[in-house]
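S.K.:
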Amino acid sequence: MSVPELSVVIPVYNEELNLPLLFSRLYPVMDGLKRSYEVIFTNDGSVDTSINLLKSQYDLRPDVTRIIDFNANYGQHMAIMAAFERVRGSIIITLDADLQTPPEEIPQLLLLIDVGHDYVGGYRLNRQDSLFRTWASRIINGVRRATTSIEMTDQGCMLRAYKRPIIDAIVRSGANNTFIPALAYSFSGNPTEIGVRHEERHAGVSNYSLYKLIRLNFDLITGFSLVPLQLFTMVAMACSGCSFILVVVLALRRLIIGPEEGGTFTLLGILFFLISVTMVGIGLIGEYVGRTYQVVRTRQRYFVREVVERAE
Ligand code: UDP
Ligand code: MG
Numbered sequence: 017m018s019v020p021e022l023s024v025v026i027p028v029y030n031e032e033l034n035l036p037l038l039f040s041r042l043y044p045v046m047d048g049l050k051r052s053y054e055v056i057f058t059n060d061g062s063v064d065t066s067i068n069l070l071k072s073q074y075d076l077r078p079d080v081t082r083i084i085d086f087n088a089n090y091g092q093h094m095a096i097m098a099a100f101e102r103v104r105g106s107i108i109i110t111l112d113a114d115l116q117t118p119p120e121e122i123p124q125l126l127l128l129i130d131v132g133h134d135y136v137g138g139y140r141l142n143r144q145d146s147l148f149r150t151w152a153s154r155i156i157n158g159v160r161r162a163t164t165s166i167e168m169t170d171q172g173c174m175l176r177a178y179k180r181p182i183i184d185a186i187v188r189s190g191a192n193n194t195f196i197p198a199l200a201y202s203f204s205g206n207p208t209e210i211g212v213r214h215e216e217r218h219a220g221v222s223n224y225s226l227y228k229l230i231r232l233n234f235d236l237i238t239g240f241s242l243v244p245l246q247l248f249t250m251v252a253m254a255c256s257g258c259s260f261i262l263v264v265v266l267a268l269r270r271l272i273i274g275p276e277e278g279g280t281f282t283l284l285g286i287l288f289f290l291i292s293v294t295m296v297g298i299g300l301i302g303e304y305v306g307r308t309y310q311v312v313r314t315r316q317r318y319f320v321r322e323v324v325e326r327a328e
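In the numbering used here, the protein residues as written are 17 to 328.
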């Protein structure tokens with residue numbers, strides 16, 4: 017395999033129902049570009065027959081197909097990261113395996129790369145997801161805009177193209193819990209965006225449970241900003257200022273008017289409020305400490321069981 021021009025990176029987690037159609041749509045698109053390419057699939061610990069399907073596709077097209085097989089499920093972004101460490105192309109494209117973002121849009125992205133952008137992000141036109149997902153995305157988009165300096169219309173869209181230096185920077189950064197599009201954006205010099213079609217998931221269900229989604233979005237916010245911590249400190253300062261005034265008022269009242277009869281519940285209310293604020297704060301601090309810990313201990317981020325590819 018000589019050095020290809022394009023690398024397509026696709027994370028795969030339990031996508032046996034989608035892979036056949038993906039192969040039959042992706043490869044013609046790539047062949048039609050008349051540019052040399054490779055497709056790297058990372059099997060992210062699928063428990064279905066995905067890996068067998070990938071291997072038979074490798075047998076069909078060993079010239080342009082490579083497979084990285086994880087021993088367990090490390091998440092979509094780590095799967096992409098493992099592929100980034102091995103890409104050979106000078107333009108890298110990421111794509112989902114479920115055909116929600118159609119491979120037919122790849123040429124559009126390449127046009128923008130060719131005019132000189134080093135980062136082309138897709139955003140999903142007429143998004144075909146549940147109302148809950150769409151709204152959750154909108155909220156997270158707002159939070160991200162307010163707390164980080166990352167400007168993008170749709171952080172959840174994985175159909176994106178990058179020039180090689182950005183990918184090299186991502187690999188060098190050795191990030192642990194990260195949100196690839198945001199990290200790539202922070203390294204790009206000339207980013208742009210383009211609307212891409214969005215289709216309903218071809219088959220199967222989303223691999224994201226509510227829990228995974230929340231964790232991923234924590235990665236996005238805490239990975240790129242300290243604003244939540246600072247906001248918390250400011251609220252805490254305002255709270256302690258107010259409680260100090262309250263204590264003074266209560267003390268004066270005790271001296272001037274005499275002991276209070278009722279008011280216990282008011283105090284309890286205030287107390288509960290302060291306790292809840294403290295709990296949120298401890299949780300937030302925990303998030304950052306946990307992340308610091310993960311970086312500091314420098315444990316291997318994922319374990320590759322097997323790499324299926326032709327030698328260079
Ligand atoms: N994926 C993965 N590991 C995971 C979850 C998802 O590699 O733990 C892959 C999945 O196979 C798909 C892409 O990431 O190619 C997007 O996943 P999904 O369609 O479930 O996410 P959604 O479209 O609902 O955001
Ligand atoms: Mg999907």
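Built from N, CA and C at the ideal position, the CB exists for glycine as well.
This structure is a prediction, so every number in the text was calculated from the model and none was measured.
Run through DSSP, which three-state label would SER40 get?
M.R.: helix
S.K.: What's the call for THR314, buried or exposed, on a 16-neighbour Cβ count within 10 Å?
M.R.: exposed
S.K.: Comparing the CB of ARG217 with every heavy atom of ligand 2, is any distance shorter than 7 Å?
M.R.: It does: the Cβ of ARG217 is within 7 Å (strictly closer) of some heavy atom of ligand 2.
S.K.: Any idea what DSSP makes of ILE26, helix, strand or coil?
M.R.: Per DSSP, reduced to three states, the secondary structure at ILE26 is strand.
S.K.: Tell me which residues share the same chain as TYR178 and place their Cβ nearer than 6 Å to its Cβ, disregarding the 5 neighbours each side in the sequence.
M.R.: ILE108, TYR135 and ALA200
S.K.: Taking 6 Å as the limit between beta carbons, can you name the residues of its chain near ASN206, skipping five residues before and five after?
M.R.: In chain order, HIS133 and ASP134 place their CB closer than 6 Å to the CB of ASN206, counting only its own chain and leaving out the 5 sequence neighbours on each side.
S.K.: Where do the ends of the beta strand (DSSP E) carrying ALA191 lie?
M.R.: Careful: ALA191 lies outside any beta strand (DSSP E) and carries neither H nor E.
S.K.: How many Å lie between PRO78 and ALA327 at the Cα?
M.R.: 11 Å
S.K.: Taking DSSP as the reference, what is the three-state secondary structure of ALA99?
M.R.: Helix.
S.K.: Which runs of the beta strand (DSSP E) spanning at least 3 residues fall entirely within the segment 206-239, listed in chain order?
M.R.: 207-212
S.K.: Measuring from the CB of GLY91, is there a heavy atom of ligand 1 at a distance below 7 Å?
M.R.: Yes, the beta carbon of GLY91 sits closer than 7 Å to at least one heavy atom of ligand 1.
S.K.: For ILE237, count neighbouring C-beta atoms within 10 Å of its own C-beta (all shown protein chains included) and say buried if the count is 16 or more, exposed if not.
M.R.: buried
S.K.: Should GLN116 be counted as a contact of ligand 2 given a C-beta to heavy atom distance under 7 Å?
M.R.: Because some heavy atom of ligand 2 lies under 7 Å away, the Cβ of GLN116 counts as near it: yes.
S.K.: Counting Cβ pairs closer than 8 Å, one from the segment 19-33 and one from the segment 111-118, do we hit at least three?
M.R.: yes
S.K.: At the level of alpha carbons, what is the spacing between LEU147 and ARG154?
M.R.: 11 Å
S.K.: Can you tell me the Cα-Cα spacing of TYR53 and ARG104, whole angstroms?
M.R.: It is roughly 9 Å from the alpha-carbon of TYR53 to the alpha-carbon of ARG104.
S.K.: Pick out whichever of LEU38, GLN124 and VAL159 has its Cα sitting closest to the Cα of PRO244.
M.R.: VAL159
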